[in-house]
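Residue numbers (the working numbering), protein chains in the order written: chain A, 3 to 759; chain B, 4 to 86.
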Amino acid sequence: MNDIVTGFKWVGTRPIRPDGVPKVTGRAMYAADMAMPGQLVGKILRSPHAHARIRSINTAKAAALPGVKAVVVAKDFPDQKFEYIGPERVAVNFWHVTRNIMAREKVLYEGHAVAAVAATDAIIADQALALIEVDYEVLPHVIDVDDAMKPDAPLLFEDMITRGVEPTPTRPSNISKRLEFQIGDLDAGWSQADVIVEKEFKTAAVHQGYIEPHACVVKVDADGQTDVWSSSQGHFVVRALTAKLLNKPVGDVRCSPAEIGGGFGGKTVVYLEPVAALLSQKSGRPVKITMGRDEVFKATGPTSGGSMWVKMGVTKDGKITAADGIFKFQAGAFPGSPVMNACLCAFAPYAIENAHTVGYDVVCNRPKSAAYRAPGSPISAFAVESVVDMLAKKIGMDPAELRRKNAAGIGTPMIYGPKLAHGGYRETLEAIINHPDYKKPLGPNQGRGVASGYWFNGGGESSATVQINADGTILVATGSPDIGGSRASMAIMAAETFGVDYSQVRAIVADTASVGYTHVTGGSRVTFASGMAVVNACKKGIEDLRARAAMIWDVDVEGVIWEDGQAKPAGSNVGDFKPMSLREIAGKAALTGGPLTYATSVNAGGQAPGFSSQFCDVEVDPETGKVTILRFVAAQDVGRAIHPSYVEGQIQGGVVQGIGWALNEEYIYDAKGRLDNAGFLDYRCPVASDLPMIEAVLVEVPNPAHPFGAKGVGEVNIVPPMAAIANAIDSAIDRRMTELPMSPPKVRAALDNGAAG
Amino acid sequence: MAARVTLTAGFSRRYTGGVREFEVEARNLRGVIKAMDQLYPGLGHHLEEETTVAIDGAIHETAYFQPIRPGCEVFFIPKLEGG
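Set out below in structure tokens:
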């Protein structure tokens, strides 16, 4: 545990972002902007069917087309052993992963990759794809999670036996796994309740909706050395996955991070890099593959849709006595939905003595789900926070007050076992209860809704290298791709630690050969974990700079202190020395031991979870069913905002994505299981004109495990919006919406059928 | 005083025949894992690979260097992943 520093010069300020100029002038290099001499265009043939057995693939005509330099199919990749490696939620089965990269025995969703070509230009590559002959045996498909769980559902894997069930089932099903968590005694909890509410809910699968499609350029040399340039949330993970899927030594693969145009969890996995590498290996030329938007929608991970049941009990005076939930999640074509997180987070904001959750991970003929901002938590929160609102309305208590009365705090036992070690939730509720707009009167067809959310936040492995240049400027290199402003926050933390001006520090994201291993930019971990690595490297630097100054002054190192970015004598007895700047020490680096370079790696722990409480005002048009967001206030415990503008941006972004999830976003499949809306015109993300200004309220309850008190801020903000909006709609028109998206047709239908909540 | 170590129901079902709670003398998490592995050979590997650890509620990556004070609560929980 570190002592938290207070009285900051740079932490909490809003300097200009270092990546701003290249981005607004269009010079920033995204993966699709990369080009190499002799580069080929790679393209992927994708399945037109939701579910089919591949009888044969004939690539002879495509390979013979002039200009085609390489063709690959699944059998060109080494097959992988069938085994789940690693922890439950993130258990990776490379037998599945390689089949998602390129289908083998079957295609499992429309858009599933079946072959790839590399050609001298895009037209020839398209012609080559058209010449590939695939003989499919079309099979029945299943899209909906409840349908996929039925005993007579078409099976994606004829030998899949549900894990986590005893006795082990004898019949295969689409249910990959069952999970269960419990605390206390449910029956005792129900017996104490005066009011019990239970309800079923459904959420749609939604895409992360990053603006930048997946892209990469890969060059494989004759000796197998492989260079990858791609847009991802973690180039070290790209390296590991690419090496594993191609049976290469990790040391033969070097990955360089491009600028990233959004990821939100969806770019923590690979789709293209191993394919481009194999094409490059076969052709002897660099290969670039860029997905189209339709490919992004059809073949990259959305988050799961869910089907849920939640039951909660409360006393008349507002004590929640018991809670139970069943969460069934679409995993997509391969196991691995975030249902475990949903089970763990569902009731986490509350001190409930008796709680129980069950989760099901279910495969269906959709693209394999991928992480999306607080994966799993927003889905279960839609159900739980809706039921909490129903409880509040039934007992006549303000919904924020009911939450405050039951708020989890330090020492609250969590359903996943330990007691909560950090506070912050209550403070977010107080921030909205005390907000001047919380009691503002509303007009006809208008309503106000409240919801809260919980997310674990991450720590883990990060590395940083700090170099002090000859002119006293500082280079900070980390291995964390910058998605949410990490270069600015790393530079701020370095400037604060060294006591120098922010303008002296330049932060970069280094490639896998230039900095130590760093886990993905995900799980709201970077400011916490990579920030800790940066601060440790800076502290290491300060110790060395003191030693160098001591050598220059020819005094003992104890006689030198570091203050305001300078070495100073610790007292008058040390000698009459003027403070020595970084530039002066750097100028004598060769004389005092060589370049000033400091590398550190951490496995950061003690991260604090994130809590968010939000309220919104909506107006429902009773004729069209359209819901307009009038006001949105999101209070979040951020620990300490290193760069408040970026923190506010994270909160606003999470809320906007939540609004899209709530009101419009969904995958629409036709009768044959083909996606009908694989583009931003028909898959309706919110745009600026749909939205009011999202007001972000920064609540700062510092985390003592971080040198500046930082907590992860990137994810929990997306957890409450769907329920907050549903609760506001119910307040406006007395209709409980239980299915996402709450699009105009669904709201109209609710008004027509008169089903009040 | 020994540290109190708890496994999730799922872990205990898979690896310890349903036993969930243990008392272990250890100075750091390496000692805890070692002691658990002695009780159930092979369990140490599963704990290292599959868990995150909560020590007195504070969540850490499962890593040998985490200090364990007498009487503290150690929960091994499934490893988590964010977006």
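Think of the CB as a built atom: it goes at the ideal place given N, C-alpha and C, for glycine as much as any other residue.
Between residue 411(A) and residue 393(A), which are expected to be in contact by the criterion C-beta below 8 Å, what is the C-beta distance as a whole number of angstroms? Not a contact, Cβ separation roughly 20 Å.
Starting from residue 341(A), follow the alpha helix (DSSP H) in both directions and report where the run begins and ends. 341-347
Spatial neighbours of residue 455(A) within its chain, please: CB distance less than 6 Å, with the 5 preceding and 5 following residues excluded, ordered by chain position. Correct list, in chain order: 383, 614, 718, 721 and 722.
Under 7 Å between the Cβ atoms of residue 583(A) and residue 520(A)? Not closer than 7 Å, so no.
Threshold first: 4 residues or longer. Then list the alpha helix (DSSP H) segments lying entirely within the region 41-100 of chain A, N to C. 62-66
With a threshold of 7 Å on Cβ separation, who are the neighbours of residue 38(A) within its own chain once the five nearest residues in sequence on each side are excluded? 219, 221 and 288
Taking CB distances under 7 Å as the criterion, tell me whether residue 605(A) reaches chain B. yes
Cβ pair count under 8 Å reaching 3, the region 567-585 of chain A against the region 741-750 of chain A: no
Return the Cβ separation of residue 533(A) and residue 707(A) in integer angstroms, given the expectation that the two are a contact with Cβ distance under 8 Å. Not a contact, Cβ separation roughly 11 Å.
Contacts that residue 458(A) makes with chain B (C-beta to C-beta distance below 9 Å): 55, 62, 83 and 85
Please report the distance separating the alpha-carbon of residue 346(A) from that of residue 732(A). 27 Å
In chain order, each alpha helix (DSSP H) run of at least 4 residues that lies wholly inside the region 271-348 of chain A: 275-285, 295-301 and 341-347
CB-CB under 6 Å to residue 81(B), same chain, minus the five flanking residues each way: which ones, in chain order? none
Determine the direct distance from the alpha carbon of residue 362(A) to that of residue 341(A), and round the result to whole angstroms. 7 Å
For a cutoff of 7 Å on Cβ pairs, would you count residue 279(A) as touching chain B? no
In chain order, what residues of the same chain have a beta carbon less than 7 Å from the beta carbon of residue 78(A), not counting five sequence neighbours either side? 280
Check whether chain B comes within 7 Å of residue 422(A), counting only Cβ atoms and requiring the distance to be less than that. yes
How many whole angstroms separate the CB atoms of residue 295(A) and residue 681(A), which I take to be in contact at a CB cut-off of 8 Å? In this structure residue 295(A) is in contact with residue 681(A), their Cβ atoms being roughly 5 Å apart against a cut-off of 8 Å.
Return the residue from the list 122(A), 432(A), 538(A) and 524(A) that minimises the CA-CA distance to residue 636(A). 432(A)
Residue-chain proximity (residue 207(A), chain B), Cβ-Cβ < 7 Å: Not an interface residue.
Tell me, please, whether the CB atom of residue 66(B) is closer than 7 Å to any CB atom in chain A? yes
Using the Cα positions of residue 85(B) and residue 714(A), report the straight-line distance between them to the nearest angstrom. One C-alpha to the other measures close to 11 Å.
Just verifying my parser: in three-state terms, what is the DSSP assignment at residue 164(A)? Three-state result, residue 164(A): coil.
Per DSSP, what are the beta-bridge partners of residue 472(A) in this structure? The partner list for residue 472(A) (beta bridge, DSSP) is empty, contrary to what the question assumes.
N- and C-terminal bounds of the alpha helix (DSSP H) containing residue 431(A): 427-435
Taking only beta carbons into account, state which residues of the region 8-19 of chain B come closer than 8 Å to chain A, listed in chain order. 9, 11, 12, 13 and 16
Run through DSSP, which three-state label would residue 540(A) get? Note: residue 540(A) maps to helix in three-state DSSP.
Thinking C-beta only, is residue 329(A) closer than 7 Å to residue 306(A)? no
Cutoff 7 Å: residue 266(A) Cβ touching any chain B Cβ: yes
Using the beta-carbon of each residue, which ones in chain A are nearer than 8 Å to residue 76(B)? 420 and 421
If you run the structure through DSSP and keep just helix, strand and coil, what is residue 748(A)? helix
Counting only beta-carbon atoms, is residue 80(B) nearer than 7 Å to chain A? Residue 80(B) has a beta carbon lying within less than 7 Å of a beta carbon in chain A.
Residues sharing a beta bridge with residue 108(A), DSSP: According to DSSP, residue 108(A) bridges with 55(A).
Taking its Cβ as the centre, do 16 or more other Cβ atoms sit within 10 Å of residue 26(B), making it buried, or is it exposed? exposed
Compare the beta carbon distance of residue 634(A) and residue 696(A) with 7 Å and say whether it is the shorter of the two. yes
Looking at the ligand FAD, does it come within less than 6 Å of residue 453(A), judged from the CB to the closest heavy atom? In terms of ligand content, the structure shown is empty, and the ligand FAD therefore cannot be addressed.
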